[in-house]
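Novice: Supplied in structure tokens, the structure appears directly below.
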């Protein structure tokens, strides 16, 4: 018999909600890393990006290290445009329909 994730959670006192919260946190970290790497691959410095966006260099650093779920859509849109990208936001609606918001 194998040691299942459910058994591990029961043995360690970890709840499914805690596992899901950690999973979301880790995925946010991966997304932010990829965003930072995209900026670097375009040879855009934090200083130049900050100047282009009209914000401080510290703000760019905070965006790169922050919680992607709490970044304003407009800020993320401007950040991506500053490195030559485009933001697309699509909502999945009931019934399978998708609605492009940005």
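Residue numbers (this note's numbering): 12 to 113. Ideal Cβ positions, reconstructed from N, Cα and C, are used throughout, including at glycine. From a predicted model like this one, the values you see are computed outputs, not experimental measurements.
Identify the continuous beta strand (DSSP E) that holds residue 101 and give its terminal residues.
Specialist: Here the beta strand (DSSP E) through residue 101 covers 101 to 103.
Novice: Give a yes or no on whether the C-beta atoms belonging to residue 53 and residue 82 are separated by under 9 Å.
Specialist: Result no, Cβ atoms of residue 53 and residue 82 do not sit closer than 9 Å.
Novice: Would you check if the distance between the CB atom of residue 91 and the CB atom of residue 101 is smaller than 9 Å?
Specialist: Cβ distance not < 9 Å, so residue 91 and residue 101 don't count as in contact.
Novice: With burial defined as no fewer than 16 other Cβ atoms inside 10 Å of the residue's Cβ, what is the status of residue 60: buried or exposed?
Specialist: Under this definition residue 60 is a buried residue.
Novice: Could you tell me which of 77, 85, 108 and 68 sits nearest to residue 37, measuring between CA atoms?
Specialist: If we check each option's Cα against that of residue 37, 77 comes out closest.
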